[in-house]
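Novice: Residue numbers for the sequence shown follow the working numbering, beginning at -4 and rising by one.
Please see the structure below; I have some questions.
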Amino acid sequence: MNKEKQFLNGLYVNQSPPNLDWLVCKIGIDVPQLLSTLQNSNEERINLDLKRKDDGSVYAEINTWKPDQDNNQNNNQNNNQGYQNNNQSNNQGYQNNNNRNWNNR
């Protein structure tokens, strides 16, 4: 994974004035620069994280995180196995309850 910070050229985030608590931030767009950046991207979707620097100023960083395909498949298999085990336990409990109810008649 690329650990280097990536920014969306043409998009500028500015901190809101302190007396306007209803305004989260101001965003400026340099249209030609942003369009050029987006057209040169290989991604269909770009996720941004709005972050705050130590000095309080705000900036937008491209979130480049992507799930690991192998790890994602293992998680799905583990989740499916857990689901199957849970269903087997639930079905066994259901059968035991039905047997008890039937015998109590």
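Glycine included, C-beta positions come from ideal geometry on N, C-alpha and C.
1. Straight-line CA distance for S52 to L29?
2. Starting from the C-beta of Y54, find all residues in its chain whose C-beta is less than 7 Å away, skip the five residues before and the five after it, and write them out in chain order.
3. Use the C-beta contact count for L6: other C-beta atoms within 10 angstroms, 16 or more gives buried, fewer gives exposed.
4. CB-CB under 8 Å to Q10, same chain, minus the five flanking residues each way: which ones, in chain order?
5. Does the distance from the CB of L43 to the CB of I24 come in under 8 Å?
Specialist: According to the structure data:
1. Residue 52 sits at position 57 when you count from the first residue of the sequence shown. Residue 29 sits at position 34 when you count from the first residue of the sequence shown. The straight-line gap from Cα to Cα measures roughly 21 Å.
2. As a first step, residue 54 must be located in the sequence shown, where it is residue number 59. Around Y54: V8, K46 and K48.
3. Residue numbering aside, residue 6 sits at position 11 when the sequence shown is read from its first letter. Here L6 is buried. Its C-beta has 16 or more other C-beta atoms within 10 Å.
4. The residue given as residue 10 occupies position 15 in the sequence shown. Cβ within range, chain order: C20, K21, G51, S52 and V53.
5. In the sequence shown, residue 43 corresponds to position 48, counting from 1. In the sequence shown, residue 24 corresponds to position 29, counting from 1. No, they are not a contact pair.
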